[in-house]
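Remarks on the structure that follows.
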């Protein structure tokens, strides 16, 4: 069974990798702007929690 910290670390890695891809795409297109900041553990945990709540809400239909 996956521990909660493992899930948060995996989500952080996933988000930061996608940010790297977005940054490379921006650079390729010649878009200017500030560099994208990597996501910290707190934000990764928040994203994971919201994702889980949204999934359960859709599955169970507990809110109108």
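Numbering (my numbering), first residue to last: 3 to 66.
Even for Gly, the Cβ is constructed at its ideal location relative to N, Cα and C.
Computed from a predicted model, the values in this text were never measured in an experiment.
Can you grab the Cα-Cα spacing for the pair residue i / residue j, in whole Å?
i: residue 46; j: residue 5; result: 15 Å
i: residue 19; j: residue 43; result: 14 Å
i: residue 12; j: residue 26; result: 21 Å
i: residue 7; j: residue 30; result: 35 Å
i: residue 34; j: residue 62; result: 43 Å
Measure from the alpha carbon of residue i to the alpha carbon of each residue in the options, then state which is nearest.
i: residue 17; options: 39, 33, 35; result: 39
Please return the same chain residues whose Cβ sits closer than 8 Å to the Cβ of residue i, not counting the five positions on each side in sequence.
i: residue 24; result: 38
i: residue 64; result: 58
Roughly how far, in whole angstroms, is the beta-carbon of residue i from the beta-carbon of residue j, given that I think they are within contact range, below 8 Å?
i: residue 14; j: residue 41; result: 6 Å
i: residue 9; j: residue 50; result: 6 Å
For residue i, which residues in the same chain have their Cβ closer than 6 Å to its Cβ, ignoring the five residues on either side in sequence?
i: residue 53; result: none
i: residue 21; result: 38
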